[in-house]
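Here's the structure we're looking at; comments come further down.
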Amino acid sequence: MKRKYESEEWFKDKFSGQMSIKEALRVLLSTPLENHMNVKSGVHSFRVRLTYTHSEALRKLQDRLPNNRRRDLVTVNNGNNLADSHERTVRNGDNHSQSESDSVINRTLDSMSDHAFCELFQLPPAKAFKPCQLTITCCRVPIYIGGRYLKFSRKVSQSRWIIDDERMGEASVEELVGEKVCLICRGDDYKFHAAGREDIDVRMLGSGRPFLVEVSNSRSVPSVVGVQQITEEINNSEQKYVRVRNLKLVDSEAWALMREGEAEKQKQYAALVWISRPLMEDDLKNISSIKEMEILQRTPIRVLHRRSPLERKRVIHWMMVENITGSCQYFLLHLCTQAGTYIKEFVHGDLGRTHPSLGSILGCRAEILQLDVTDVKMDCFD
Amino acid sequence: MEGTEDAAQTLDEELRSLLLPDPRDLPPIPPSSVESNFARYFAPDLLKPGHDQYVYRHANGLCVIGLAPTHIALKEEGGVTAVDFNVGKSDRSEMKVTGKRKRNAQHFESNTALCKVCANGTFYVVRCCVKGSLLEVNNRLIKQPDLLNSSADREGYIAIIMPKPSDWLKIKDSLLSYEEYNKLRGLC
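So the sequence lines, in the order shown, correspond to chains A and B. Going letter by letter, the first sequence gives residues 9 to 390 in the working numbering. Going letter by letter, the second sequence gives residues 23 to 210 in the working numbering.
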């Protein structure tokens, strides 16, 4: 058509872009569906997905595309299997999702010269004799419940941790909170997101750590009372592993908000420390006077197998020693540090790979027995 | 800005009670971070008599290599005075390993030389002990060789090696446990 009418003015205006059959079909179907269901269509929280597949036509198209493009098709599919859930579906301008192969086909067709296109495809297309298959699915867009959690057990991990069919730890915050939320929202599935994490043997106390539970296809969006019910059921459960507070329904922007604050925020801890000599008055003064101290941490040996060997600069904002009556070599160390600081390694020095360390500051050997997070300083779900 | 005293004091009573341990539960000397996180193995007389080395294996498979307390270099008069990572073909302290996949890590055999330590005029070769990729050498030893005299079992470690699980299983049985080593050297 371009060949025939290119020079004409009216052609240039009307045919500048491609319209996919999908768009055309959507426009055609929208109004009858609206009338039939007595609703209005637009960007809303309830989605109706009509999937038309015609395997024979797809195969024919794939066969006709030049070889190197087919390879792209395969790799794109593989890549997307690993991608983050938030990037999985490719979206065009109208915020409608396309499958991975659709976007590759579009790219291929776009990049083809007109000449090549005309060679491969005949216009009008050959008549089809088999109908498409139609599947209809309905779902709600995900809802988000946010709040802060506290973890009181040293045997509960933050996220589900299963190796070789065996569970590590007794439970996980993810499951304890997520399952209850999903149950009461009557959803199909849930995802747990938190602002940072703590080790399985570290308790999360104080104001708690901000988290989000994303519930897919929730059939019962909870009201304020419903959210209260979730809070009570979690907090009154038999095992006092986890508590939640400030639970509420939030919108999808909360996810970005939570992630945004993560790297900058300060964290406060209380560590139970032992040193190889008795604690002196001077030590207390020495430690309290340290402000904004920069330390250099090589990637701790305990995570070196799965993380890059790097040297990280971190800041210890302040420290305070609290005596434990009845002991002269044990004490509680309260400290406030930059996000991303490895506290255990700061105490024992990680064979000298974290410097300065508590041991090097006090001039003796220091060991950490217990660690608790006492505050996650974020303006999130406060 | 809050004073640190205030910040710590604003911890409420409930939180305080959770944090403070019962002194009666505290052991007089707690296990060290090495004892708690690593399994300690020893290789006595590695290729030469008196060349006792240790292999501390972390649960994640990484091995820290170093001089055992009975290594003859540590018994020399004046102790260790210098450490040189320039052995054979390359200077081990020059290597740069990057990324999660540990690219550029050199693969060594268990008898490959890691470094030479000098004590009382004699050079002693320290070897890998375990076949695997060399992740890191303790280059602090270059400027502070005395770390070997004060704490060869901690800050004076020599290197960190990552063996393949299959290679570890092969060598594991030829190493001594902490108790076996103590018995052998009469340290009990």
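Ideal Cβ positions, reconstructed from N, Cα and C, are used throughout, including at glycine.
Can you check which of these residues, A:E241, A:A179 and A:E302, is closest to W326 of chain A by C-alpha distance? A:E302
Residues of the segment 312–338 of chain A with a CB closer than 8 Å to any CB of chain B: list them in chain order, please. L312, H313, R314, R315, S316, P317, W326, M327, M328, E330, I332, T333, G334, S335 and Y338
Please state the DSSP three-state secondary structure of E330 of chain A. strand
For the segment 249–280 of chain A, enumerate the residues whose C-beta is nearer than 9 Å to any C-beta of chain B, in chain order. Within the segment 249–280 of chain A, the residues whose Cβ lies closer than 9 Å to some Cβ of chain B are Q276, A278 and L280, listed in chain order.
Where S63 of chain A falls: helix, strand or coil (DSSP): helix
Return the first residue and the last residue of the beta strand (DSSP E) that L340 of chain A is part of. Y338 to Q346
Return the CA-CA distance between E353 of chain A and G110 of chain B, expressed in angstroms with no decimal places. 34 Å
Please identify, using Cβ separations under 7 Å, the residues of the segment 108–125 of chain B that lie next to chain A, in order along the chain. V119, T120, G121 and K122
For V164 of chain A, I'd like the list of residues in its chain whose CB is within less than 8 Å of its CB, leaving aside the five on either flank, ordered along the chain. G177, E178, A179, S180, V181, L184, I208, Y249 and V250
Find the residues of chain A that neighbour G83 of chain B, judging by a C-beta separation of less than 9 Å, and give them in chain order. Correct list: H313.
On the three-pair Cβ rule with 8 Å, is the segment 323–342 of chain A touching the segment 124–140 of chain B? no
Name the DSSP beta bridge partners of L280 of chain A, please? A:L340 and A:Q378
In this structure, how does DSSP classify C388 of chain A when only helix, strand and coil are distinguished? Here C388 of chain A sits in coil by DSSP.
Given this structure, state the Cα-to-Cα distance separating S335 of chain A from T349 of chain A, to the nearest angstrom. 28 Å
Could you tell me the alpha carbon to alpha carbon distance between R207 of chain B and E36 of chain B, rounded to whole angstroms? Between R207 of chain B and E36 of chain B, the C-alpha separation is close to 52 Å.
In chain order, what residues of the same chain have a beta carbon less than 6 Å from the beta carbon of L198 of chain B, not counting five sequence neighbours either side? F64
Option in B:C151, B:G100 and B:K124 with minimal Cα separation from V18 of chain B: No answer is possible for residue 18 of chain B: it lies beyond the span of chain B, which begins at 23 and ends at 210.
Sequence-distant residues of the same chain with beta carbon closer than 6 Å to N204 of chain B, five excluded per side: Scanning its chain for C-beta atoms nearer than 6 Å, with the 5 sequence neighbours on each side dropped, one finds around N204 of chain B the residues C210, in chain order.
Close beta carbons around V229 of chain A, own chain, < 6 Å, minus the five adjacent residues each side: Closer than 6 Å at Cβ, skipping near neighbours: I151.
Can you tell me whether DSSP reads P40 of chain A as helix, strand or coil? helix
Residue closest to I87 of chain B, alpha-carbon to alpha-carbon, out of B:L40, B:D34, B:V56 and B:L41: B:V56
Report yes or no: do the segment 141–158 of chain B and the segment 177–195 of chain B share at least 3 C-beta pairs separated by less than 8 Å? yes
Looking at the secondary structure, which residues open and close the beta strand (DSSP E) in which C140 of chain A lies? Judged by DSSP secondary structure, C140 of chain A falls outside any beta strand (DSSP E); it is assigned neither H nor E.
Can you check which of these residues, A:R211, A:S63, A:E241 and A:T116, is closest to K138 of chain A by C-alpha distance? A:S63
Since C85 of chain B is in the beta strand (DSSP E), which residue starts that stretch and which ends it? C85 to L89
Can you check whether the C-beta of Y13 of chain A is within less than 8 Å of a C-beta belonging to chain B? With a pLDDT of only 49 at Y13 of chain A, under 50, the local geometry of the prediction cannot be trusted, and the value read off the model is given with reservation. Chain B, which has no Cβ nearer than 8 Å to the Cβ of Y13 of chain A, makes this no.
Roughly how far, in whole angstroms, is the beta-carbon of L304 of chain A from the beta-carbon of K293 of chain A, given that I think they are within contact range, below 8 Å? Incorrect: roughly 25 Å between the Cβ atoms, too far for contact.
Distance between I144 of chain A and Q106 of chain A (C-alpha atoms, nearest Å): Any reading at Q106 of chain A must be qualified, since the residue scores a pLDDT of 41, below 50, and its modelled position is unreliable; the value itself is stated next. Answer to the nearest angstrom: the Cα atoms are 16 Å apart.
The beta strand (DSSP E) with G62 of chain B in it runs from where to where? Note that residue 62 of chain B is Arg in the sequence shown here, rather than Gly. Counting along the chain, the beta strand (DSSP E) containing R62 of chain B begins and ends at F60 to A65.
Beta bridge counterpart(s) of C146 of chain A as assigned by DSSP: A:V56
State the Cα-Cα distance for the pair A32 of chain A and E174 of chain A, rounded to the nearest angstrom. Between A32 of chain A and E174 of chain A, the C-alpha separation is close to 51 Å.
Closer than 8 Å is the cut-off here; do at least three beta carbon pairs connect the segment 232–246 of chain A with the segment 361–378 of chain A? no
Where H363 of chain A falls: helix, strand or coil (DSSP): strand
Contact with chain B by W282 of chain A, beta-carbon distance below 8 Å: yes
Three CB pairs or more closer than 8 Å across the segment 280–293 of chain A and the segment 220–229 of chain A: no
For I183 of chain B, which beta-bridge partners are listed by DSSP? B:C85 and B:L156
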